[in-house]
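Number of protein chains: 2
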Amino acid sequence: MNNYSQLFKRTKEAARKLIRVSEDQIGEVLARLAELLEEKTWYLLEENQKDLDRMDVDNPMYDRLALTEQRIRGIADEIRAVGQLPNPLGIRLEEKVLSNGLYLEKITVPLGVLGVIYEARPNVTLDVFSLALKSGNGLILKGGSDAEFSNRAIIQLIHQVLREFEFPEQAFLLLPPDREATKALLEAVDVVDVIIPRGSQGLIDFVRQNAKVPVIETGAGIVHTYVDESADLEKAQAILLNAKTRRPSVCNSLDCLIIHSAHLPNLEQLISPLLEAGVEIFADSVAFEVLKSHPEISLATADHFGTEFLSLRLSIKTVKILEEALDHISRYSSKHSEAVIAENQGVIDRFLLEVDAAAVYANSSTAFTDGAQFGLGAEIGISTQKLHARGPMGLRELCSYKWLIRGNGQIRG
Amino acid sequence: MNNYSQLFKRTKEAARKLIRVSEDQIGEVLARLAELLEEKTWYLLEENQKDLDRMDVDNPMYDRLALTEQRIRGIADEIRAVGQLPNPLGIRLEEKVLSNGLYLEKITVPLGVLGVIYEARPNVTLDVFSLALKSGNGLILKGGSDAEFSNRAIIQLIHQVLREFEFPEQAFLLLPPDREATKALLEAVDVVDVIIPRGSQGLIDFVRQNAKVPVIETGAGIVHTYVDESADLEKAQAILLNAKTRRPSVCNSLDCLIIHSAHLPNLEQLISPLLEAGVEIFADSVAFEVLKSHPEISLATADHFGTEFLSLRLSIKTVKILEEALDHISRYSSKHSEAVIAENQGVIDRFLLEVDAAAVYANSSTAFTDGAQFGLGAEIGISTQKLHARGPMGLRELCSYKWLIRGNGQIRG
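In the order they appear, the protein sequences are chains L and C.
Everything in the first sequence is counted per full-length UniProt numbering, starting at 1 for the first residue and increasing by one.
Everything in the second sequence is counted per full-length UniProt numbering, starting at 1 for the first residue and increasing by one.
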């Protein structure tokens, strides 16, 4: 027992009531919330400013913390869009009639109560709320302390709308941003059905180490692209540039180019657009030998492999055969997004079969790993684990299922 | 790093190779293993006897530990049956073509490496091996120390068959039954994709408390059956008897009868077959008032609710309305199997919608919660959690999925 036990039980009890609300009612609540956010823009900006005043403008988190009129309008639009997505609940996944006449249905249901731990990004509070409500889940939020004023203002508006519609507002709880609350959340077995950490690798590691509740890990992408002997180098050049430089700070961006040694003579040309875009390169000794005239290219150390750079940096690994590329990926990949560039169909098939990752690409940029791109409508994160949900997680991934069995007095012999 | 790190890495590397073996080859390996078990029956019985010699005959685990010629034949038949089940791998779950021409497929893949921790039941070693191999998964087994001789003999035969077929035998590892090995397994993040404890609640609790790897909890069933005001009492009588006495030691057996107070005058008759079958009953004060003439019925204490009896014991809770039954179940259920007996369709619908459990029954015995009954073919356990797999877990529940994306040079704008 801790100070939060009663609060969490109340959340769980309130969340149970969500199963009774209709899809239409949920849509109305989300539409009203979007409207209220726009009405109260001045108030949100004022509270957000209190958080911003406590942070150094040079802090890389400052921009993520900041709300603007335009951002609030964008968030409101996203909330409306979530309200319009297909209902993920009550979908019949299987149906069978047993020989004794029992009628079985397997149908989607909410997970129950989600725990979400995140950093100083107030938009996450609203994203996650809209996805949780739409999927019939209660929610316990633990945001970063840097966003405390913003998050409190947001949860207040959420509760106001829930009250207007006589929804169980207690099913949505914002915790104070302190250690005790985090610890209580991580240990809330029997109340919280899953914890989803959203943020840095450090946050994810902390959650995995300390949670007693099941965790879905999201985020970290150590991404490779293998340029096979059979690759079309023009395609390869464009794909590498896109995968590395489109948005270097996101998880699907390229970290390591694996080059077949047959292409060492073409390597300089292959990476020239990357160098022009200001990418700093760490090449293994074989590749370094052909690239060393470039001052922006240095010799890779062990640390440069298996690193998620999240910046304009790239390592290069040279291989003589496909197996070596597969072994390198197996060793260093975070199982997020991996790609092969090849024209040889046998190589493509083997790469797609053997590489173990959420998204395995042939002849395409890894930048497409994204819920919206995959048609999920909205995304709570990109899972890098294999249980429950893998890759982009949308509303369906926030659901479990149950078996309903209808009988007429059947007993088992 | 610990002594097991290298061994586990070797297991993971070997398990990667399983993706290349065909459904037919797996069938042949399992058929050969079944044959070998029958050929080596004398050897297995001899090794099993060494374990039995160390255990007291009165120990309730003695019977579960014991192998016999007939049991070995039964296990061999089950292994052959698993070999004949439909292949759970490579199933296309979704398919879509994006407007830019990218072709996406979501297909089933093995989870990777399963960790299974269990008690002194040597048959589990073979059950779990056949399911793991059939689903393309590597396996790290940690059996009970009481079954050490039996398990070592079994894994030796498994490895012999794998060698005959040039399968990666190192993908299937039996750990020594000691604490250090268990700890290493529970912390083997990056090697083990899921841990499934099979055994007592104590074992499951230990695993949940100590695992850093994701866990699927199986087993514990605190099972209720609610007899509504509208119930057909003849059906109710038969269902209660079956759910309680068919196999009292299994997880789907009845623990608590919830009775609508309108049926208090019929309660004695309703439970008379249970009393005849020797069931010991703990009734709440209201029900006790009408039953107290029976010496085998006593007044329930708080402990009798929320208890998985696994024996011929039953608690009775009286309620005045459906809501009270729903609240009682929400509070005490382990979310395994729950039933309502009612003729009122509104009551049935509400019970099926609102009760949160893996299997929710109307007018049927809960004894049907079982992989074979649900048509899964074979079962590794019954999950009582909501992530990934819920209720009976068969081969499909030992799989994850991945997205394959085939392109022709696509980059993201």
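By construction, the Cβ of each residue, glycine as well, lies at the ideal position given by its N, Cα and C atoms.
Checklist entry - With respect to the beta strand (DSSP E) encompassing residue 117 of chain C, which residues constitute its N-terminal and C-terminal limits? => result Reading the second sequence from its first residue, position 117 is the one you call residue 117 of chain C. Judged by DSSP secondary structure, residue 117 of chain C falls within the beta strand (DSSP E) whose first and last residues are 113-118.
Item to check | Under 8 Å from the C-beta of residue 391 of chain C: neighbouring residues of chain L | outcome: On the second sequence, position 391 is the one that residue 391 of chain C refers to. By Cβ distance, chain L contributes 402 and 403.
Item to check | Against chain L: residues of the segment 343-360 of chain C by CB proximity under 8 Å | outcome: Flagged, chain order: 348, 352, 353, 354, 356, 357, 358, 359 and 360.
Next on the checklist: Is the separation between the beta-carbon of residue 262 of chain L and that of residue 341 of chain L shorter than 8 Å?
Outcome noted: Position 262 of the first sequence, counting from 1, holds the residue named residue 262 of chain L. Position 341 of the first sequence, counting from 1, holds the residue named residue 341 of chain L. No; because the gap between Cβ atoms is not below 8 Å, this pair is not in contact.
Item to check | Whole-Å CB distance - residue 365 of chain L paired with residue 32 of chain C, under 8 Å assumed | outcome: Taking the first sequence and counting its residues from 1, the one referred to as residue 365 of chain L is at position 365. Taking the second sequence and counting its residues from 1, the one referred to as residue 32 of chain C is at position 32. The distance from the Cβ of residue 365 of chain L to that of residue 32 of chain C is about 46 Å, inconsistent with a contact at the 8 Å cut-off.
Checklist entry - For residue 202 of chain L, which residues in chain C fall below 9 Å Cβ to Cβ? => result On the first sequence, residue 202 of chain L is found 202 positions in, with the first residue counted as 1. What residue 202 of chain L touches in chain C: nothing, since even the nearest Cβ is about 15 Å away.
Item to check | Secondary structure of residue 279 of chain L, DSSP reduced to three states | outcome: Along the first sequence, one-based indexing puts residue 279 of chain L at 279. Three-state DSSP puts residue 279 of chain L in coil, outside helix and strand.
Item to check | Close-in-space but distant-in-sequence residues of the same chain around residue 251 of chain L (CB under 7 Å, 5 per side omitted) | outcome: Looking up residue 251 of chain L in the first sequence gives position 251. 219, 220, 221, 336 and 382.
Next on the checklist: Using CA atoms only, rank isn't needed, just tell me which of L:268, L:225 and L:304 is closest to residue 291 of chain L.
Outcome noted: Within the first sequence, the letter at position 291 stands for residue 291 of chain L. Ranking L:268, L:225 and L:304 by Cα distance to residue 291 of chain L puts L:268 first.
Checklist entry - Within this structure, are the beta carbons of residue 425 of chain L and residue 128 of chain L separated by less than 8 Å? => result With chain L represented from 1 up to 413, any question about residue 425 of chain L goes unanswered, as that position is not in the structure.
Item to check | N-terminal and C-terminal residue of the beta strand (DSSP E) that residue 421 of chain C is part of | outcome: In the structure as shown, chain C begins at 1 and stops at 413. Residue 421 of chain C is therefore absent and cannot be evaluated.
Item to check | CB contact below 8 Å: residue 8 of chain L versus chain C | outcome: Taking the first sequence and counting its residues from 1, the one referred to as residue 8 of chain L is at position 8. Closer than 8 Å: no.
Checklist entry - How would you list, in chain order, the residues of chain L whose beta-carbon sits under 7 Å from the beta-carbon of residue 158 of chain C? => result Here residue 158 of chain C refers to the residue found at position 158 when the second sequence is read from its first residue. Simply none; closest approach about 24 Å.
Checklist entry - Using the beta-carbon count (16 or more within 10 Å), is residue 244 of chain C buried or exposed? => result Counted from its first residue, the second sequence places residue 244 of chain C at position 244. Per the 10 Å Cβ criterion, buried.
Checklist entry - What is the DSSP secondary structure of residue 273 of chain C, reduced to helix, strand or coil? => result Residue numbering aside, residue 273 of chain C sits at position 273 when the second sequence is read from its first letter. Residue 273 of chain C: helix per DSSP, three-state reduction.
Next on the checklist: Please list, in chain order, the chain C residues whose beta carbon lies closer than 8 Å to that of residue 138 of chain L.
Outcome noted: Residue mapping note: residue 138 of chain L aligns to position 138 of the first sequence, counting from 1. Within chain C, no residue comes near residue 138 of chain L; the closest Cβ sits about 12 Å away, beyond 8 Å.
Checklist entry - Do residue 319 of chain L and residue 281 of chain L have their C-beta atoms within less than 8 Å of each other? => result In the first sequence, counting from the first residue as 1, residue 319 of chain L sits at position 319. In the first sequence, counting from the first residue as 1, residue 281 of chain L sits at position 281. No, the pair does not count as a contact, with Cβ atoms beyond the cut-off.
Checklist entry - Given that residue 194 of chain L touches chain C, what residues does it touch there, using C-beta distances under 8 Å? => result As a working note, residue 194 of chain L is residue 194 in the first sequence. Those within 8 Å of residue 194 of chain L in chain C are 386 and 387.
Next on the checklist: I want to see whether chain C comes within less than 8 Å of residue 367 of chain L, judged by CB atoms only; does it?
Outcome noted: For the purposes of this step, residue 367 of chain L is taken as residue 367 along the first sequence, with counting starting at 1. Closer than 8 Å to some Cβ of chain C, the Cβ of residue 367 of chain L qualifies, so yes.
Next on the checklist: Going by the DSSP bridge assignment, what does residue 391 of chain C pair with across the sheet?
Outcome noted: The sequence position of residue 391 of chain C within the second sequence is 391, counting from 1. Within the DSSP secondary-structure output, residue 391 of chain C pairs in a beta bridge with C:383.
Checklist entry - If you check the beta carbons only, do residue 122 of chain C and residue 150 of chain C fall under 8 Å apart? => result Start at 1 with the first residue of the second sequence, and residue 122 of chain C comes out as number 122. Start at 1 with the first residue of the second sequence, and residue 150 of chain C comes out as number 150. In this structure, residue 122 of chain C lies near residue 150 of chain C, with their beta-carbon atoms less than 8 Å apart.
Next on the checklist: Quick check on this structure: which residue in C:38, C:109 and C:8 has the alpha carbon closest to the alpha carbon of residue 20 of chain C?
Outcome noted: As a first step, residue 20 of chain C is located in the second sequence; it is residue number 20 there, counting from the start. The residue with the shortest Cα to Cα distance from residue 20 of chain C is C:109.
Next on the checklist: Just to confirm the assignment: which complete beta strand (DSSP E) runs, minimum length 3, are found wholly within the segment 44-101 of chain L?
Outcome noted: Within the segment 44-101 of chain L, the complete beta strand (DSSP E) runs of at least 3 residues are 92-97.
Checklist entry - Given residue 8 of chain C, which residues of its chain have a CB within under 6 Å of its CB, disregarding the five upstream and five downstream residues? => result On the second sequence, residue 8 of chain C is found 8 positions in, with the first residue counted as 1. In the same chain as residue 8 of chain C, and ignoring 5 residues on each side of it, the C-beta atoms closer than 6 Å to its own belong to 188 and 191, in chain order.
Checklist entry - Counting along the chain, where does the alpha helix (DSSP H) carrying residue 29 of chain L start and finish? => result Taking the first sequence and counting its residues from 1, the one referred to as residue 29 of chain L is at position 29. Looking at the DSSP string, the run of the alpha helix (DSSP H) that includes residue 29 of chain L is 23-39.
Checklist entry - What residues in the segment 319-346 of chain C bring their beta carbon closer than 7 Å to a beta carbon of chain L? => result Within the segment 319-346 of chain C, the qualifying residues are 330.
Checklist entry - Which of helix, strand or coil does DSSP assign to residue 207 of chain L? => result Locating residue 207 of chain L in the first sequence gives position 207, counting from the first residue. Helix, per DSSP.
Item to check | Chain-ordered neighbours of residue 214 of chain C on chain L, where CB pairs are closer than 8 Å | outcome: On the second sequence, residue 214 of chain C is found 214 positions in, with the first residue counted as 1. By Cβ distance, chain L contributes 214, 215, 385 and 387.
Item to check | residue 374 of chain L at chain C interface by Cβ criterion, 8 Å | outcome: Within the first sequence, the letter at position 374 stands for residue 374 of chain L. Yes, residue 374 of chain L lies at the interface with chain C (some Cβ there is under 8 Å from its Cβ).
Item to check | Whole-number beta carbon distance between residue 334 of chain L and residue 384 of chain L, since they are thought to touch under 8 Å | outcome: Here residue 384 of chain L is taken as the residue at index 384 of the first sequence, counted from 1. Here residue 334 of chain L is taken as the residue at index 334 of the first sequence, counted from 1. Cβ-Cβ separation between residue 384 of chain L and residue 334 of chain L: approximately 5 Å, consistent with a contact (criterion under 8 Å).
Item to check | Coarse secondary structure for residue 332 of chain L, derived from DSSP in three states | outcome: As a first step, residue 332 of chain L is located in the first sequence; it is residue number 332 there, counting from the start. Reduced to three states, the DSSP call for residue 332 of chain L is helix.
Checklist entry - Is there at least one Cβ from chain C nearer than 8 Å to residue 414 of chain L's Cβ? => result Absent from the model: residue 414 of chain L. The displayed extent of chain L is 1 to 413, so no value can be given.
Item to check | Sufficient close CB pairs (3 or more, under 8 Å) joining the segment 103-118 of chain L to the segment 131-143 of chain L | outcome: Yes, the segment 103-118 of chain L is in contact with the segment 131-143 of chain L.
Checklist entry - residue 368 of chain L and residue 131 of chain C: beta carbons closer than 8 Å? => result Here the question's residue 368 of chain L lines up with position 368 in the first sequence. Here the question's residue 131 of chain C lines up with position 131 in the second sequence. Taking 8 Å as the cut-off, the Cβ atoms of residue 368 of chain L and residue 131 of chain C do not count as close.
Checklist entry - In chain C, which residues lie less than 9 Å from residue 64 of chain L when you measure between Cβ atoms? => result Taking the first residue of the first sequence as position 1, residue 64 of chain L is located at position 64. Contact annotation for residue 64 of chain L against chain C: no contact, minimum CB-CB distance about 22 Å [criterion: below 9 Å].
Next on the checklist: Between residue 19 of chain C and chain L, is any beta-carbon pair separated by less than 8 Å?
Outcome noted: For the purposes of this step, residue 19 of chain C is taken as residue 19 along the second sequence, with counting starting at 1. Any Cβ of chain L closer than 8 Å to the Cβ of residue 19 of chain C would place that residue at the interface, and such an atom is present.
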